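One structure below.
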């Protein structure tokens, strides 16, 4: 971003590097064909190496293990319990234990970073920068090899030509950083020229992906976030008014074009079945399970059933972590949403509302809430925005009002 907040200077630069490595780890290893074929084993080595490096750097910058305990991290850590118990049965193979280790390392890194969760926009900026860099690689692939970036296999939708990214992934990243940047502009935390450099290309890439979930998540999430500011921000009221007017004009003047973009050339039957997702969901729910499998799941897997992607966070969690996992993920969403509603109107609250609502909407057609994924990173940013400001540093021992220095606390509670 073009303008940097004063409060971001208190966060070490290493924290931004750690966040970038976490983003790299969650990009995944499966997707479209790239210009230069990348072996999946190489991609997995890079992504797992990024996670190990992220944990090591986070530990190096937080050697005193100062943590900020909170409901989000507590519930996320509890999610490891059904994951490990169900994966230990090896019904999903040894890969399940590997995924548990990855999730544990991912959560451990978030714990180490929680020291800098203070309700400020520092992690919002890290989030925007890192995903904008990812989108930059997508744009570069589109320029270098447009045929590879817009393959017929995906119906002409935009994919990653340099790194194997699917249209839903690209749409998600574009929608999230667009929404967050809009909110930073409304909160006067960045200038309009710098914001336009992020928003305009991101919206173009989002349109090229034809991703309906990301588009709806962006629109609904922004509406809820800006709605939380309208009573206290004149800029939010003006933006909301203009957005409604522009939406009304677009709905009337471009109705047929918008409908064609939304349907993506699909038949009514294909559209109502959510591009075949409903059949996978029905088969998953109809599959016989023991009581243990219902409660704890089958173990962490690749979010598929019968060789087909589940594409629903709740059913994926039910399949892999059981009803226990579903309850914990629901508690995470409800706790974050409840805390956001109880906070007074502010930019941090608005950004948190946007991220929470986006993840809740996307959970219906995308998987990821129960494992290391961009969605957990979005929710971690929301948790950082909702954290209470860190307590002030203790007075120096030489102050006349104190006779002894106050030792630093090893743990801070939000």
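Residue numbers (my numbering): 13 to 426. For each residue, glycine too, the CB sits at the ideal point set by N, CA and C. Every value quoted in this text rests on a predicted model; they were computed, and no experiment measured them.
Between residue 382 and residue 101, the beta carbon gap of about 17 Å keeps them out of contact (Cβ cut-off 8 Å).
Per DSSP, the continuous beta strand (DSSP E) segment holding residue 79 begins and ends at 79 to 81. Residue nearest to residue 52 within the set 63, 40, 61 and 62 is 40 (criterion: CA-CA distance). Residue 338 and residue 307 have their alpha carbons spaced roughly 9 Å apart.
Here residue 75 carries a coil assignment [DSSP, helix/strand/coil].
Residue 317 is bridged by DSSP to 320. Taken in chain order, the whole alpha helix (DSSP H) runs of length 4 or more contained in the stretch 24 to 75 are 25 to 37 and 52 to 73.
Taking 4 residues as the shortest admissible run, the stretch 339 to 401 contains the following complete alpha helix (DSSP H) segments, listed from N- to C-terminal end: 359 to 374 and 386 to 398. Under the three-state reduction of DSSP, residue 294 is assigned to helix. Around the beta carbon of residue 26, fewer than 16 other beta carbons lie within 10 angstroms, which makes this residue exposed. Classified as exposed, residue 258 has fewer than 16 neighbouring CB atoms from the shown chains inside 10 Å of its CB.
Secondary structure of residue 142 (DSSP, three-state): helix.
The shortest CA-to-CA distance from residue 386 to any of 37, 334 and 131 is the one to 37. Contact check for residue 374 against residue 227 fails: the beta carbons are separated by 7 Å or more. According to the DSSP assignment, residue 305 belongs to the alpha helix (DSSP H) that extends over 303 to 308.
In the DSSP assignment, residue 127 falls outside any alpha helix (DSSP H), carrying neither H nor E. Looking at the backbone, the Cα of residue 188 and that of residue 156 are separated by about 25 Å.
Inter-residue distance for residue 356 and residue 199 is about 15 Å (C-alpha atoms, whole angstroms).
The three-state secondary structure of residue 179, taken from DSSP, is helix.
Of the candidates 290, 332, 294 and 291, 332 places its Cα closest to the Cα of residue 305. Spanning the alpha carbons of residue 44 and residue 34 requires a straight line of approximately 21 Å.
Within 10 angstroms of the beta-carbon of residue 291 lie fewer than 16 other beta-carbons, which makes it exposed. A direct Cα-Cα distance of roughly 50 Å separates residue 303 from residue 256. Within the same chain, Cβ atoms closer than 8 Å to the Cβ of residue 151 are found at 213 and 217, the five residues on either side in sequence being excluded. DSSP places residue 169 in no alpha helix (DSSP H); its state is neither H nor E. The stretch 85 to 100 and the stretch 112 to 131 touch, with three or more beta-carbon pairs separated by less than 8 Å. Between the C-alpha atoms of residue 313 and residue 253 there is a straight-line separation of about 45 Å. An exposed status is given to residue 148, since fewer than 16 other beta-carbon atoms sit within 10 Å of its beta-carbon. If you ignore the 5 residues before and after residue 315, its C-beta comes within less than 6 Å of the C-beta of 322, 328 and 379, all in its own chain and listed in chain order. Residue nearest to residue 395 within the set 29, 75, 32 and 83 is 83 (criterion: CA-CA distance). The C-alpha of residue 95 is placed about 11 Å away from the C-alpha of residue 110.
In the structure shown, the three-state DSSP call for residue 300 is coil. No Cβ-Cβ contact shorter than 7 Å links residue 362 with residue 234. Straight-line spacing of the CA atoms in residue 345 and residue 209 works out to 32 Å. Judged by their CB atoms, residue 79 and residue 126 are nearer to each other than the 7 Å cut-off. Secondary structure note for residue 217: its alpha helix (DSSP H) is the uninterrupted segment 204 to 221.
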